[in-house]
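Residue numbers (the working numbering): 2 to 106.
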């Protein structure tokens, strides 16, 4: 698989998982929809700066973006927690973190 296919596939997957449209991704990143369209269509490879913007908008690090999902060492329950976490708003995430920190004491 070429890098363009890998990058495009990961962006598509992350957008789908996070319910982010190409239009919304363009808004979040400040990248033109036409440029995003070329990246998603495997017609161009984003610069590192552009990819960082996309990763930031999709709430993943560059490391997570390039991590092979097959190497996921989380249990099924941990994966479920992560899926739920990704669907929470920033305020809901803060509440959950506060609750978890309270349980830890």
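The beta carbon of each residue, even a glycine, is placed where N, CA and C say it ideally should be.
Keep in mind it's a predicted model, so treat the numbers as computed, not measured.
{"query": "Using 8 Å as the Cβ pair cut-off and three pairs as the minimum, do the stretch 54–62 and the stretch 6–21 touch?", "result": "yes"}
{"query": "So does the stretch 61–68 actually touch the stretch 29–37, counting three or more Cβ pairs closer than 8 Å?", "result": "no"}
{"query": "Could you say which of 50, 48, 49 and 24 lies nearest to residue 38 if we only look at CA atoms?", "result": "24"}
{"query": "Under the assumption that residue 97 contacts residue 89 (Cβ atoms under 8 Å), give the Cβ distance between them as a whole number of angstroms.", "result": "7 Å"}
{"query": "Could you give the distance in angstroms between the alpha-carbon of residue 108 and the alpha-carbon of residue 47?", "result": "Because the chain is modelled from 2 through 106, residue 108 falls outside the range shown and cannot be assessed."}
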